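Peer 1:
Residue numbers (full-length UniProt numbering), protein chains in the order written: chain A, 1 to 342; chain B, 1 to 295.
(1) Mapping the DSSP letters down to three states, classify residue 133(B) as helix, strand or coil.
(2) Would you kindly report the start and end of the unbroken alpha helix (DSSP H) that includes residue 114(A)?
(3) Note down, in chain order, each residue of its chain lying with its Cβ closer than 8 Å to the Cβ of residue 176(A), except the 5 sequence neighbours on either side.
(4) If you check the beta carbons only, do residue 119(A) and residue 251(A) fall under 8 Å apart?
(5) Are the beta-carbon atoms belonging to residue 154(A) and residue 66(A) less than 8 Å from one another?
(6) Out of curiosity, what's the CA-to-CA distance linking residue 29(B) and residue 97(A)?
(7) Any residues in the segment 142–158 of chain A with a beta carbon nearer than 7 Å to a beta carbon of chain B? Which ones, in chain order?
(8) Below 7 Å on C-beta distance, what does residue 226(B) contact in chain A?
(9) Less than 8 Å separating the beta-carbons of residue 22(A) and residue 289(A)?
(10) Can you pull the chain A neighbours of residue 33(B), defined as C-beta to C-beta under 9 Å?
(11) Got a sec: is the Cβ-Cβ distance from residue 277(A) to anything in chain B below 8 Å?
(12) Look up residue 239(A) in the DSSP assignment and say whether it is helix, strand or coil.
(13) What residue ranges within the segment 129–209 of chain A form continuous alpha helix (DSSP H) runs of no fewer than 4 residues, ordered along the chain?
(14) Look up residue 101(B) in the DSSP assignment and say whether it is helix, strand or coil.
(15) Is residue 144(A) closer than 8 Å to residue 60(A) when the C-beta atoms are compared?
(16) Please confirm whether residue 319(A) has its beta-carbon closer than 8 Å to some beta-carbon of chain B.
(17) Identify the contact partners of residue 330(A) in chain B, using a Cβ-Cβ distance below 7 Å as the criterion.
(18) Can you tell which of 212(B), 191(B), 281(B), 171(B) has its C-alpha closest to the C-alpha of residue 51(B)?
(19) Using DSSP with H/G/I as helix, E/B as strand and the rest coil, what is residue 84(A)?
(20) Can you tell me whether DSSP reads residue 282(B) as helix, strand or coil?
(21) Cα separation between residue 247(A) and residue 265(B)?
(22) When DSSP builds the beta bridges, which residues end up paired with residue 303(B)?
(23) Under the DSSP definition of a beta bridge, which residues are partnered with residue 141(B)?
(24) Since residue 253(A) and residue 113(A) are thought to touch, with beta carbons under 8 Å apart, how far apart are those beta carbons, to the nearest angstrom?
(25) Taking buried to mean at least 16 other C-beta atoms within 10 Å of its own C-beta, is residue 178(A) buried or exposed?
(26) Note down, in chain order, every chain A residue with its Cβ under 8 Å from the Cβ of residue 100(B).
(27) So is residue 335(A) in contact with chain B if we call contact Cβ pairs under 8 Å?
(28) Using DSSP's beta-bridge definition, name the partner residues of residue 263(A).
(29) For the alpha helix (DSSP H) containing residue 304(A), list its first residue and its last residue.
(30) At a Cβ cut of 8 Å, what residues of the segment 47–60 of chain B count as close to chain A, listed as they run along the chain?
(31) Tell me whether the beta-carbon of residue 320(A) lies closer than 8 Å to the beta-carbon of residue 103(B).
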């Protein structure tokens, strides 16, 4: 591994550097590039959750796309309903021959319900799912495989319920959110600031959480689950809470991403994208919150650059990135900067 | 019992055979090395393409018989390559191995797409595999009967290998206590390598069977590998008996669920079933006794 210890002084200022870049970006970038950056920052929010569960909890989830999708679909349902004249149903439902809204769509007409759903539904699904697996002390590789099955089942379910989910094409063509027109330039930069703010809040909250007793016990359970049990703690609630928080962050990231991208579809949340989310964090550094944000930004920038020019090349490149990072850079880019492990 | 139920029962048996062939290799290497090979699905794909190429070179009944050893050896060689270049270096880090082999899987899938095209290729099965047997009002496609037969043969062969040969003795020794086996002079790394090749070979063989049922596509492995993972999770640590039992349970479950719900809901139910199952038996169908506390 190359010795980059002269970068040491960078480590404490990296988050500030990122924040400064984030604050300057709206004045330096075109509307299109700013939108792209905002999307990647939304993905960074999900990546922070992976640092919590994977880096510090030792829990590898290959199903984060499910929670990303729950948040994304929640906001998409709201925007679909907001654009509709009363009494009508979305066009794809008409095409699939439905004559009414499904009952679970209707509450999403309320903005308050939608925001609550974005926060609560992914966390609740994450908590119930992880509790069912962890309380029987199933973990490690088994957990990773079960989350992958979850991602497959979720994506298949959405594709097959074409008449109520938009199927393979997903939900798109949104015009306004909470009363703001999406096409007006002010909304774009407003959403950017919201995304930056959420990213900062998530970062600070997780940094606090990881340095608290909760974080210490989570790491202890990662390194020796049975020793934690012998000390009188049950690691299960810690892992379940961590997983629920990561799921909530993924849901919030998914909702913000959908706002910026203007679309949510199974192609963003299935098995392959779910694992790609892990590679953002692997590359940035699974133990480092700032590293995970950098990883999410870099991988998605690279993806955008490579796949628009050579779409076939991207899968080779991503495969090679997986192998390279895992074998040569297990601590990711953040590991190049030596510092205290945490 | 009505014909639909019996038909699905038979479909379940052939699905179980496919799950079993796909899961055996995973279960072997997981039991032995605690390593999950995410590129295992691509061994199925490789087997499928090798079968297709063999049948292009040698059409007819001889081709399909020839395709079986060709796919076995080809997939085993690819598995050996992956094990010796990548997995061996990551032996103590199961989750990292999982990610690295996922990278291999992406590269192999894209490679297949570039070599053979994104659209699937069709294997022309010989006539004796395209007909049907009709038994008590139930139609039994002979290709599916053939798959069940092959799965039974592979299982029997594997049992003989593990129980009656010297290689099997070494594998069982390493499986029971890796450190002790190593201390007794067993070349643990060679055993790992052999088991990995064997598991990949069996997956390649499963690929031939897939090719008899439908087109071989670059991501054909992906659709079988996730149920195969669930089989491994439910089966118990590296137990062949457990893997077989859970492959049969899940194969039958998936096929019978399809009587009542569509395929996508059946997939969801399969996952729910496995999660419920581990509430009752977290250690899997067959628990291998161990005195180890922290794996």
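Heads up, the beta-carbon is just placed ideally off N, CA and C, and yes, glycines get one too.
These figures come from a predicted structure and were not determined experimentally.
Peer 2: Taking the definition as stated:
(1) Working through the second chain from its first residue, we reach residue 133(B) at position 133. In the displayed model, residue 133(B) falls within a strand according to three-state DSSP.
(2) For the purposes of this step, residue 114(A) is taken as residue 114 along the first chain, with counting starting at 1. For residue 114(A), the enclosing alpha helix (DSSP H) has its first and last residue at 111–134.
(3) Locating residue 176(A) in the first chain gives position 176, counting from the first residue. Excluding sequence neighbours, residue 176(A) sits near 79, 82, 83, 182.
(4) Within the first chain, residue 119(A) is the residue found at index 119, counting from 1. Within the first chain, residue 251(A) is the residue found at index 251, counting from 1. Contact: yes.
(5) Here the question's residue 154(A) lines up with position 154 in the first chain. Here the question's residue 66(A) lines up with position 66 in the first chain. In this structure, residue 154(A) sits near residue 66(A), with a CB-CB distance shorter than 8 Å.
(6) Looking up residue 29(B) in the second chain gives position 29. Looking up residue 97(A) in the first chain gives position 97. One C-alpha to the other measures close to 49 Å.
(7) Those residues of the segment 142–158 of chain A that come within reach of chain B (Cβ to Cβ, closer than 7 Å) are 142, 144, 145, 146, 148, 149, 150, 152, 153, 156, 157.
(8) In the second chain, residue 226(B) corresponds to position 226, counting from 1. Correct list: 148, 149, 152.
(9) Working through the first chain from its first residue, we reach residue 22(A) at position 22. Working through the first chain from its first residue, we reach residue 289(A) at position 289. Contact flag unset, no.
(10) For the purposes of this step, residue 33(B) is taken as residue 33 along the second chain, with counting starting at 1. Under the 9 Å cutoff, chain A gives no residues; its nearest Cβ is about 11 Å from residue 33(B).
(11) Start at 1 with the first residue of the first chain, and residue 277(A) comes out as number 277. No, no contact with chain B.
(12) Position 239 of the first chain, counted from the first residue, corresponds to residue 239(A). Residue 239(A) sits in a helix when the DSSP states are folded into three classes.
(13) 140–160, 162–165
(14) Your numbering for residue 101(B) matches position 101 in the second chain. Residue 101(B) falls in the helix class under three-state DSSP.
(15) Taking the first chain and counting its residues from 1, one reaches residue 60(A) at position 60. Taking the first chain and counting its residues from 1, one reaches residue 144(A) at position 144. Yes, Cβ-Cβ distance for residue 60(A) and residue 144(A) is below 8 Å.
(16) Stepping through the first chain from its first residue, residue 319(A) is reached at position 319. So yes, residue 319(A) belongs to the interface.
(17) In the first chain, counting from the first residue as 1, residue 330(A) sits at position 330. Residues of chain B passing the Cβ test: 96.
(18) Residue numbering aside, residue 51(B) sits at position 51 when the second chain is read from its first letter. Nearest C-alpha to residue 51(B): 212(B).
(19) By one-based count along the first chain, residue 84(A) stands at place 84. In the structure shown, the three-state DSSP call for residue 84(A) is coil.
(20) To locate residue 282(B), count along the second chain from 1; it is residue 282. In the three-state reduction of the DSSP assignment, residue 282(B) falls in the coil class.
(21) By 1-based counting over the first chain, the position of residue 247(A) is 247. By 1-based counting over the second chain, the position of residue 265(B) is 265. Taking the straight line from one Cα to the other gives about 23 Å.
(22) Residue 303(B) lies beyond the range of chain B shown here (1 to 295); nothing can be said about it.
(23) What you label residue 141(B) is simply residue 141 of the second chain in a count that begins at 1. Beta-bridge pairing links residue 141(B) to 132(B).
(24) The residue given as residue 253(A) occupies position 253 in the first chain. The residue given as residue 113(A) occupies position 113 in the first chain. So it is not a contact: roughly 20 Å between Cβ atoms.
(25) Numbered from its first residue, the first chain carries residue 178(A) at position 178. Residue 178(A) comes out exposed.
(26) Position 100 of the second chain, counted from the first residue, corresponds to residue 100(B). The answer, in chain order, is 322, 323, 326, 327.
(27) Here residue 335(A) is taken as the residue at index 335 of the first chain, counted from 1. So, not an interface residue.
(28) For the purposes of this step, residue 263(A) is taken as the residue at position 263 of the first chain. Partner(s): 172(A).
(29) The residue you call residue 304(A) lines up with position 304 of the first chain. Unbroken alpha helix (DSSP H) run through residue 304(A): 289–309.
(30) Answer set for the segment 47–60 of chain B: empty.
(31) For the purposes of this step, residue 320(A) is taken as residue 320 along the first chain, with counting starting at 1. For the purposes of this step, residue 103(B) is taken as residue 103 along the second chain, with counting starting at 1. A contact, by the Cβ cut-off of 8 Å.
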